[in-house]
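Read in order, the letters of the sequence shown correspond to residues 221 to 308 in our numbering.
Glycine included, each C-beta is placed from N, C-alpha and C at the ideal position.
The structure appears below as structure tokens.
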Amino acid sequence: MNKEKLESILIRIENHLDSLVRLNLSLVLSNCSFDDIELKVFEMTGQKKRNEICKELKISPNRLADIWNNLLLKGLLTKDGKQYKKIA
């Protein structure tokens with residue numbers, strides 16, 4: 221199999237996986253109950269730093285860590301070292 225064909229197949233696989241992740245994400249979001257702060261934290265994750273989120277939402281770093289851990293357990297975030305990232 222040549223390199224171009226393999227690359228094409230990998231891109232198709234990536235696109236299908238992305239679609240599956242987005243579908244599952246929408247199902248999880250529709251089945252989970254979030255308060256306003258949790259939803260805002262989810263939206264801000266990956267866009268703002270920890271101290272910016274805490275300051276804007278007026279929550280403590282410990283409360284933010286608890287929210288992130290809950291979102292991690294629900295499968296909405298991944299943890300890369302010390303950083304939390306959205307799955308999609």
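The three-state reading of DSSP puts D255 in coil, since its state is none of H, G, I, E or B. It is roughly 44 angstroms from the alpha-carbon of K275 to the alpha-carbon of E227.
Cα atoms of C252 and N235: separation of roughly 26 angstroms, rounded to the nearest angstrom. In summary, E258 is buried, with 16 or more beta-carbon neighbours lying within 10 Å of its beta-carbon over all protein chains present. Taking the Cα positions, K260 is about 24 angstroms away from L240. In this structure, the CA atom of W288 is about 40 angstroms from the CA atom of K223.
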